Amino acid sequence: MTNIRADASSPFHEPTRRETVAAGGVLPVAAGSSSGAAAVPSIRSTAPEMVSVSLTVNGRTHAVVLDTRTTLLDLLREKLDLTGTKKGCDQGQCGACTVIIDGRRVNSCLTFAVMYDGAQVTTIEGLANNGALHPLQQAFIEHDAFQCGYCTPGQICSAVGLIAEGRAKTADDIRELMSGNLCRCGAYTNIIAAIEEVMRRP
Amino acid sequence: MINFHYARANDVTDAVRQIGGDANAKFVAGGTNLIDLMKMDVERPTTVIDITRLPLKQIERTPDGGLRIGALVRNTDLAYHPLVEERYPVLASAIMAGASQQLRNMASTGGNLLQRTRCAYFYDTATPCNKRKPGSGCSAIDGQNRMHAILGGSDACIATHPSDMCVALAVLEARVHVASESGDRVIPFADFHRLPGKTPQRDTDLDGGEIITAVELPPKGFAANYTYLKIRDRLSYAFALVSVAVGLELDGDTIKEGRFALGGVAHKPWRDQQAEAALRGRPAKAATFARAADALLRDAKGYAHNTFKIDLARRCIVRALTQAARGTPQSQSSKKIV
Ligand SMILES: Cc1cc2nc3c(=O)[nH]c(=O)nc-3n(C[C@H](O)[C@H](O)[C@H](O)COP(=O)(O)OP(=O)(O)OC[C@H]3O[C@@H](n4cnc5c(N)ncnc54)[C@H](O)[C@@H]3O)c2cc1C
Ligand code: SF4
Ligand code: FES
Ligand code: FES
Chain A
1 MTNIRADASS PFHEPTRRET VAAGGVLPVA AGSSSGAAAV PSIRSTAPEM
51 VSVSLTVNGR THAVVLDTRT TLLDLLREKL DLTGTKKGCD QGQCGACTVI
101 IDGRRVNSCL TFAVMYDGAQ VTTIEGLANN GALHPLQQAF IEHDAFQCGY
151 CTPGQICSAV GLIAEGRAKT ADDIRELMSG NLCRCGAYTN IIAAIEEVMR
201 RP
Chain B
1 MINFHYARAN DVTDAVRQIG GDANAKFVAG GTNLIDLMKM DVERPTTVID
51 ITRLPLKQIE RTPDGGLRIG ALVRNTDLAY HPLVEERYPV LASAIMAGAS
101 QQLRNMASTG GNLLQRTRCA YFYDTATPCN KRKPGSGCSA IDGQNRMHAI
151 LGGSDACIAT HPSDMCVALA VLEARVHVAS ESGDRVIPFA DFHRLPGKTP
201 QRDTDLDGGE IITAVELPPK GFAANYTYLK IRDRLSYAFA LVSVAVGLEL
251 DGDTIKEGRF ALGGVAHKPW RDQQAEAALR GRPAKAATFA RAADALLRDA
301 KGYAHNTFKI DLARRCIVRA LTQAARGTPQ SQSSKKIV
């Protein structure tokens with residue numbers, strides 16, 4: 001194994017397997033493979049470090065083995081086949097990847113999935129209830145709040161978060177607090193109307 | 001992004017022990033800046049230490065009547081905290097003027113202080129940049145520098161610090177609590193961020209082995225006369241071209257104490273004692289404000305694309321001081337500037 005550090009002599013702490021487990025139970029399973037082989041990973045390795053992660057998505061618990069670099073967005077789309085969450089910019093600049101983690105709306109592209117071990121995640125796929133659309137999904141349809149639809153899952157998850165936060169009182173507030181969700185088709189007027197209608201329901 | 005080893009810290013002692021022993025390790029909190037920069041290959045830590053489970057999530061009153069904010073308090077939780085809204089509204093307002101709600105839900109207090117510049121060359125590993133690669137040169141000085149500094153820059157770097165929250169913290173004269181294996185220390189906010197000088201790679205006074213544990217606010221919050229005015233290329237979700245945080249203490253129409261800091265114009269939130277002295281004991285009116293603005297901008301220097309910022313800053317200062325004096329702070333929701 002080669003050392004990817006520029007300065008191989010620099011002092012650094014290499015955690016033992018026991019320390020890593022003690023530090024919170026995220027167990028690197030094997031350097032360079034997902035087979036769970038008993039090898040203790042070395043941080044000198046150029047191979048990816050694989051870790052076991054367990055999180056609950058839309059009520060279902062998934063135990064997966066991941067490269068530490070995997071974002072929650074990529075986990076959802078590439079591993080769990082939940083492609084409703086979209087990748088727009090991958091840099092926190094568009095909101096297409098918005099999901100709800102432990103009750104808060106966040107950009108899943110700027111997370112390492114391993115950081116959210118044990119978390120509860122809700123994506124657009126988890127909003128409908130027994131086949132009945134979530135009120136915001138229904139309102140987006142009724143208000144014609146999309147054209148191409150690419151930003152829509154992020155808009156709706158973001159709006160779910162906005163209503164749960166309970167801070168928006170006016171259309172200006174909605175516009176401001178939804179500014180983290182861009183729409184290239186420019187459906188903003190109808191998006192605001194859809195959210196406002198659901199927000200004002202008793 | 002290069003491969004990295006993922007580690008977790010259980011408590012502050014564990015965190016500083018881990019970072020102290022590894023020059024190539026980085027903490028991750030909200031991840032909104034570090035992960036972005038790792039994707040761009042600008043940050044290349046070989047170990048990422050997750051500090052999100054540390055018990056630094058409290059907002060507590062201090063014995064002297066101030067507030068102690070844990071380094072892991074999320075930006076939204078800070079802005080929406082009843083004591084912050086009531087006593088430090090300039091801080092709440094500045095936070096709400098930055099980024100988006102999703103990002104504020106993730107971003108931590110400590111991470112916000114340590115976010116790096118948004119200079120496009122810093123992000124682009126194909127171009128020279130002294131901040132990213134010391135000694136390689138500054139692409140911005142003779143390049144695209146519309147977003148860059150007009151104050152405090154050097155031949156080595158003219159980047160700006162992008163935080164909104166920090167501009168309010170400068171006005172509030174916050175103190176940054178840090179810990180390391182060799183002990184704890186407290187850094188006054190004015191000394192926390194650095195000017196680029198010859199070492200633009202160093203943004204702050206923080207050492208590699210240190211962790212921010214808390215940000216402390218002194219009792220004085222300027223809740224009656226304050227504003228945070230941010231001018232940007234679109235109405236929301238954009239970095240400041242110029243922003244101004246103000247806290248005034250008035251005695252009738254006379255300014256007892258006036259503090260103001262600028263964002264988007266320098267390598268750190270910019271305050272100027274001479275400019276604030278031009279407010280003290282003077283009537284709270286436009287002529288006073290204009291004199292203070294001129295004092296603050298006396299050494300301002302524009303580059304090919306950002307000279308407009310000097311005049312913009314002058315107008316923003318006058319407008320912001322007027323808003324604060326009238327008790328009509330800028331709304332971060334309705335974007336109307338009154
Ligand atoms: C699209 C976009 C738009 C944005 N717009 C704005 C804006 O308009 N205004 C604005 O102010 N900000 C804006 N931001 C920046 C955002 O506010 C910062 O990214 C955020 O505050 C960083 O906090 P974090 O906890 O996510 O930091 P992280 O990314 O987790 O960490 C940032 C750095 O701080 C270090 N660190 C974190 N916590 C500690 C600690 N306790 N002790 C020591 N080191 C620590 C990390 O090692 C890392 O180097 C924007 C970001 C994005 C992506
Ligand atoms: S301004 Fe600073 S950050 Fe930007 S290119 Fe020059 S040295 Fe790099
Ligand atoms: S894909 Fe996450 S914000 Fe654009
Ligand atoms: S509907 Fe096309 S991007 Fe929003």
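Those protein sequence lines, which keep their order, are chains A and B. Read in order, the letters of the first sequence are residues 1 to 202 in the working numbering. Read in order, the letters of the second sequence are residues 1 to 338 in the working numbering. Glycine included, each C-beta is placed from N, C-alpha and C at the ideal position. On a predicted model such as this, the values are computed, not experimentally measured, just so you know.
Residue i (DSSP reduced to helix, strand or coil)
i               : result
L72 of chain A  : helix
D67 of chain A  : strand
N129 of chain A : strand
R132 of chain B : coil
L321 of chain B : helix
S243 of chain B : strand
I51 of chain B  : coil
S158 of chain A : helix
Y123 of chain B : helix
Q120 of chain A : strand
L55 of chain A  : strand
E43 of chain B  : coil
N225 of chain B : coil
G110 of chain B : helix
L34 of chain B  : helix
K220 of chain B : coil
G87 of chain B  : Checking the sequence, you will find Arg at residue 87 of chain B rather than Gly. R87 of chain B falls in the helix class under three-state DSSP.
P63 of chain B  : coil
D191 of chain B : helix
E197 of chain A : helix
A238 of chain B : coil
C97 of chain A  : coil
V73 of chain B  : coil
D14 of chain B  : helix
V338 of chain B : coil
Closest by C-alpha distance to residue i, when choosing among the options
i               : options                        : result
E86 of chain B  : B:A245, B:S236, B:P219, B:T52  : B:P219
I95 of chain B  : B:R319, B:R132, B:Y228, B:T204 : B:Y228
L34 of chain B  : B:V265, B:T76, B:R116          : B:R116
T254 of chain B : B:H267, B:V246, B:R280, B:A275 : B:R280
N112 of chain B : B:A224, B:P196, B:K133, B:T204 : B:T204
A223 of chain B : B:G327, B:T32, B:R104          : B:G327
S136 of chain B : B:D41, B:G221, B:Q18, B:P200   : B:P200
D50 of chain B  : B:L78, B:L296, B:D14, B:T160   : B:D14
L290 of chain A : A:L80, A:D172, A:G88           : The question about residue 290 of chain A has no answer, for chain A in this structure spans 1 to 202.
D117 of chain A : A:R200, A:E197, A:V51, A:L80   : A:V51
T217 of chain A : A:T170, A:A159, A:K169         : Since the first residue of chain A shown is 1 and the last is 202, residue 217 of chain A is not available in this structure.
R200 of chain A : A:T170, A:C183, A:T71          : A:T170
A287 of chain B : B:D299, B:N306, B:R314, B:H267 : B:R314
Q273 of chain B : B:R298, B:K285, B:P283, B:D251 : B:R298
L182 of chain A : A:F146, A:A168, A:N58, A:L72   : A:F146
D144 of chain A : A:E49, A:E196, A:K86, A:N190   : A:N190
K198 of chain B : B:V176, B:C157, B:D311, B:L241 : B:C157
I141 of chain A : A:T56, A:L55, A:A187           : A:A187
K268 of chain B : B:R319, B:E210, B:V318, B:A168 : B:A168
G355 of chain B : B:G209, B:L195, B:H193         : Residue 355 of chain B lies beyond the range of chain B shown here (1 to 338); nothing can be said about it.
V318 of chain B : B:A275, B:A300, B:L103         : B:A275
T68 of chain A  : B:H5, B:A190, B:V176, B:G110   : B:H5
F27 of chain B  : A:M115, A:E49, A:D74           : A:M115
Any 3 or more C-beta pairs closer than 8 Å across the region 49-57 of chain B and the region 67-74 of chain B: yes
Within 7 Å of chain B by C-beta, residues of the region 95-112 of chain A in sequence order: G95, T98, R104, R105, V106, N107, L110, T111, F112
Contact set between the region 112-128 of chain A and chain B, restricted to residues whose Cβ is under 7 Å from the partner: F112, V114, M115
Length at least 3, wholly inside the region 144-169 of chain B: the beta strand (DSSP E) runs in chain order: Entirely contained in the region 144-169 of chain B, not one beta strand (DSSP E) run reaches 3 residues.
Cβ pair count under 8 Å reaching 3, the region 200-217 of chain B against the region 233-253 of chain B: no
Cβ-based contacts, 7 Å cut-off: residues of the region 223-244 of chain B near chain A: S236, Y237
Continuous alpha helix (DSSP H) assignments of at least 4 residues falling wholly in the region 249-320 of chain B: 273-277, 286-296
Against chain B: residues of the region 74-88 of chain A by CB proximity under 7 Å: Cβ contacts with chain B: none found.
The region 36-51 of chain B / the region 122-129 of chain A touching (three or more Cβ pairs under 8 Å): no
Ordered list of beta strand (DSSP E) runs contained in the region 133-185 of chain A, each at least 3 residues: none
Within 8 Å of chain B by C-beta, residues of the region 42-70 of chain A in sequence order: I43, S45, T46, A47, P48, E49, V51, D67, T68, R69
Stretch-stretch touch, CB-based, cutoff 8 Å, three pairs: the region 60-74 of chain A with the region 153-167 of chain A: With the rule of 3 Cβ pairs closer than 8 Å, the region 60-74 of chain A does not count as touching the region 153-167 of chain A.
Contact residues within the region 156-175 of chain B, judged by C-beta distance below 7 Å to chain A: none
Segment contact flag, the region 96-103 of chain B with the region 158-170 of chain B, C-beta cutoff 8 Å, min 3 pairs: yes
The region 168-182 of chain B in contact with the region 235-251 of chain B per 3-pair CB rule at 8 Å: yes
Contacting positions in the region 1-15 of chain B - beta carbon closer than 8 Å to chain A: From the region 1-15 of chain B, only M1, I2, N3, F4, H5, Y6, A7, R8, A9, N10, D14 have a Cβ closer than 8 Å to chain A.
Chain-ordered residues of the region 92-109 of chain B with a beta carbon less than 7 Å from chain A: The residues in question are S100, Q101, Q102, L103, N105, M106.
Positions along the region 126-157 of chain B whose CB lies within less than 9 Å of some CB in chain A: none
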